[in-house]
Amino acid sequence: MAAEEDSVTEASSNDDVNDDVEADASEEADEVAEEEVAAEEASTEEEPPVPAARSKKRGPIEEITEEDEAAEESVEKDWYILKVQSNREKSICSNLIRRVKMAGLEDYFGEILVPTEDLVEYKNGKKKVTKQKLYPGYIVVHMAINDETWFVVRETGGIGDFTGAGGKPVPMLPHEVDRIVKKTRKPEEGEQEEVKTNIRFKIGDHVRITEGTFENFEGDVELIDETNGRVTVMINIFGRTTPVEMEHWQMEPV
1 MAAEEDSVTE
11 ASSNDDVNDD
21 VEADASEEAD
31 EVAEEEVAAE
41 EASTEEEPPV
51 PAARSKKRGP
61 IEEITEEDEA
71 AEESVEKDWY
81 ILKVQSNREK
91 SICSNLIRRV
101 KMAGLEDYFG
111 EILVPTEDLV
121 EYKNGKKKVT
131 KQKLYPGYIV
141 VHMAINDETW
151 FVVRETGGIG
161 DFTGAGGKPV
171 PMLPHEVDRI
181 VKKTRKPEEG
191 EQEEVKTNIR
201 FKIGDHVRIT
211 EGTFENFEGD
221 VELIDETNGR
231 VTVMINIFGR
241 TTPVEMEHWQ
251 MEPV
């Protein structure tokens, strides 16, 4: 009987030992799993992915944008004179501007102008300012010449050719730009607008004064001030030739 009790006790003790071993093994497995998870997390933290900004190759959209900006900054334009059909200068200008926009070539074109100047005329004692073409049959274009811009210009109805030797476009000289373009543009803020008076006389013409102190005196035109609309006439007073400055409308041709 005692032997049986010892056997039962020993078996029970073995079961307890086995349970302890299994528990220890389970705890060790859990600890290993936790260590593996921690290692993976640490590895992830230590080796983050390279951000896209650090990559040497950029996306195509960014590359195109930068190239376009560089191209726009590097485009150099010059002023050219174009021969066009007379009396159609304004409509041809508008048509060329429209075709440039349709072709998407705005970066290669600047201003497209009909050269004009302001003229003051006096009719029935009233002052009237009108636009007069400086060079009928011509327009001026600020542009960069390449195959595409050349084609757009030449294929626009009413345009003949660029001015230049042998059909080769020749840019305008700086003093020509100042004389032609600045007259056509509207004056900037603070600038005084230069207005030319339409005077029907020229130097050397013989005229008769129709108004004022020297009415009915005759003389020759010596100087013409188109900006102020005044004319200097050399008349004979008491046997001496004397210059007299008058308004241009105070005289008539003889």
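Counting with full-length UniProt numbering, you get residues 1 to 254 for the letters of the sequence shown.
Just so you know, even glycine gets a beta-carbon here, dropped at the ideal spot from N, CA and C.
Just so we're clear, the structure is a prediction, and the values are computed from it rather than from any experiment.
Give a yes or no on contact between the stretch 82-94 and the stretch 103-121, applying the rule of three or more CB pairs nearer than 8 Å. yes
Could you tell me the distance, in whole angstroms, from the CA atom of residue 204 to the CA atom of residue 231? By one-based count along the sequence shown, residue 204 stands at place 204. By one-based count along the sequence shown, residue 231 stands at place 231. Rounded to whole angstroms, residue 204 to residue 231 spans 11 Å at the Cα level.
Are the CB atoms of residue 82 and residue 163 nearer to each other than 9 Å? For the purposes of this step, residue 82 is taken as residue 82 along the sequence shown, with counting starting at 1. For the purposes of this step, residue 163 is taken as residue 163 along the sequence shown, with counting starting at 1. It is a contact, given that the beta carbons lie within the stated cut-off.
Just how far apart, CA to CA, sit residue 243 and residue 233? For the purposes of this step, residue 243 is taken as the residue at position 243 of the sequence shown. For the purposes of this step, residue 233 is taken as the residue at position 233 of the sequence shown. Straight-line Cα distance between these residues: approximately 6 Å.
So what does DSSP say about residue 49, is it helix, strand or coil? Looking up residue 49 in the sequence shown gives position 49. In this predicted model, residue 49 has a pLDDT of only 45, less than 50, meaning its place in the structure is not dependable enough to derive any value.
In chain order, what residues of the same chain lie with their CB nearer than 8 Å to the CB of residue 148, ignoring the 5 residues before and after it? The residue given as residue 148 occupies position 148 in the sequence shown. Within the same chain, residue 148 has close Cβ partners 103, 105, 108.
Any idea if residue 75 is buried or exposed, counting beta-carbon neighbours within 10 angstroms, 16 or more meaning buried? By 1-based counting over the sequence shown, the position of residue 75 is 75. By the 10 Å Cβ count, residue 75 comes out exposed.
In angstroms with no decimal places, state the Cα-to-Cα distance between residue 212 and residue 145. As a first step, residue 212 must be located in the sequence shown, where it is residue number 212. As a first step, residue 145 must be located in the sequence shown, where it is residue number 145. Straight-line Cα distance between these residues: approximately 57 Å.
Counted within 10 angstroms of its Cβ, other Cβ atoms place residue 229 as buried (16 or more) or exposed: By one-based count along the sequence shown, residue 229 stands at place 229. Buried is the call here.
Among 159, 138, 227, which one has its Cα closest to the Cα of residue 118? Reading the sequence shown from its first residue, position 118 is the one you call residue 118. Residue 227 is the option with its Cα nearest to residue 118.
Return the CA-CA distance between residue 220 and residue 179, expressed in angstroms with no decimal places. Position 220 of the sequence shown, counted from the start, is the residue given in the question as residue 220. Position 179 of the sequence shown, counted from the start, is the residue given in the question as residue 179. Their backbone Cα atoms lie some 29 Å apart in a straight line.
Output the distance between the C-alpha atoms of residue 217 and residue 161, rounded to the nearest integer angstrom. Mapped onto the sequence shown, residue 217 falls at position 217. Mapped onto the sequence shown, residue 161 falls at position 161. Answer to the nearest angstrom: the Cα atoms are 51 Å apart.
Nonlocal neighbours in the same chain, by C-beta distance under 6 Å from residue 88, ignoring five residues either side: To locate residue 88, count along the sequence shown from 1; it is residue 88. The residues are 158.
Residues of its chain near residue 132, where Cβ-Cβ distance is below 7 Å and the 5 sequence neighbours each way are ignored: As a working note, residue 132 is residue 132 in the sequence shown. The answer, listed in chain order, is 116, 117, 119.
Classify residue 254 as buried or exposed, calling it buried when 16 or more other Cβ atoms lie within 10 Å of its own Cβ. Residue numbering aside, residue 254 sits at position 254 when the sequence shown is read from its first letter. With fewer than 16 other Cβ atoms within 10 Å, it is exposed.
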